[in-house]
Structures are given as C-alpha cells and as structure tokens.
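Counting in the numbering used here, the sequence shown runs from 1316 upward without gaps.
Heads up: the structure comes next, in structure tokens.
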Amino acid sequence: MPRPNTKNDLLRQSQANFEQLFALIDSIPAGLQTAEFEYNERDKTLRDILIHLYEWQKLLLHFVQTNLHKTTDFVPFLPAPYNFKTYPKMNREIWQKHQNTPLKKAKTMLQKSHLDCIEMIQNLPENELFLKKHYVWCGTTSLGSYCVSATSSHYDWANKLIKKRLKAL
C-alpha cells in the first residue's frame, strides 16, 4: 500500500492496519500470544511489539499537543538525550521499562493511544497536515509524515514482524 499523503488516506490506512494487527493477534492461540520470538533481539513477545507502538504514539501525541499552539521553545519529537541517531537506545529502555507489563494491559494501552492518535489527526487541518515545513517544529518534513510513521507504517511493521514469527513456528 502506498504511503498516505492525505488526511483521509492516513485515517483509513491507520484504521485498516490497526484492525489487521488485532485480527492477526486474535488469530493466535492464547498460549502462543505470550511466547517469545526466537529471532528478534529487542521485541521478544507480542507485548513488546504493542508497547513499542504505544510508546511511539505517546511520543507523537506529546510532540503535537505540546508544540501545536507554541510560537517558540518547541519540544523535539524524541526526548533528550535522544535523537534519530541514538533512538535505538531509547527503544531498548522502553523495552526494559515494560518487562512487567502484562499483554492484556499492553493491548488496552495501544487501543487507547490509537484512538487518541486518530482523534488528534481528525482535528488537524487537512491543508496543513502534509505540507512540508509548514510547522517549524517538524523541520523539513510534514506533520503528516510523523503521523504516518507512528500509526499506519508502524502497524504495517508490526504486522510483518508478527507474521514472520508465525511463519517460523
């Protein structure tokens, strides 16, 4: 599927990929939903994948909600001390932080953050969402690009990772 470049495409693809993700998870027998992935270094379980999605959506929500009405002192997408070269360390810390989070709670957390992201996207102006450099705090890209990365594209990544795991069984 091509990367969304309109608000409607983003909303539609995000919802479709989210539903596909949960349909895939629901198709896995309960006993296997908590089993470890043998081939992945960071995301070793379904819980780890869902938490990763959740935490990145929290980053998106904070980034947009904090910066949208500011005129100066913008916050970056990634919290200090991280940047897009060092974010793998942040991902490992996210993984560590949630080792005691149950799968059921991870599902609930992601469902809530998904709804929050969808609502936020719905409230963003269509004509500004995919306009590069429109928001100074987005640098040279568009706010829509951040939204795609934290929703539809990330769900697609999760679906592929889980399918790979199921194929290996």
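Ideal Cβ placement from N, Cα and C applies to all residues, glycine included.
Inset, instruction - With distances taken Cα to Cα, identify the nearest neighbour of Q1411 among Y1450, K1447, T1360 and I1433. - result: Checking every option, the nearest Cα to that of Q1411 belongs to T1360.
Legend entry - Assigned exposure category for K1475 - 16 Cβ within 10 Å defines buried: Per the 10 Å Cβ criterion, exposed.
Inset, instruction - Would you give the residue range spanned by the alpha helix (DSSP H) that L1365 belongs to? - result: Run containing L1365: L1361 to N1382, per the alpha helix (DSSP H) assignment.
Inset, instruction - Can you grab the Cα-Cα spacing for the pair E1353 / R1480, in whole Å? - result: Rounded to whole angstroms, E1353 to R1480 spans 8 Å at the Cα level.
Inset, instruction - Just mark H1429 as buried or exposed, buried being the case when its beta carbon has 16 or more other beta carbons within 10 Å. - result: Here H1429 is buried. Its C-beta has 16 or more other C-beta atoms within 10 Å.
Inset, instruction - Would you check if there are 3 or more beta carbon pairs closer than 8 Å linking the segment 1363–1379 to the segment 1415–1427? - result: Yes: at least three Cβ pairs fall under 8 Å.
Legend entry - Local conformation of N1398 per DSSP, three classes: Secondary structure of N1398 (DSSP, three-state): coil.
Inset, instruction - Taking all protein chains shown into account, decide if S1460 is buried (16 or more other Cβ within 10 angstroms of its Cβ) or exposed. - result: Around the Cβ of S1460, a 10 Å sphere holds 16 or more other Cβ atoms; the residue is buried.
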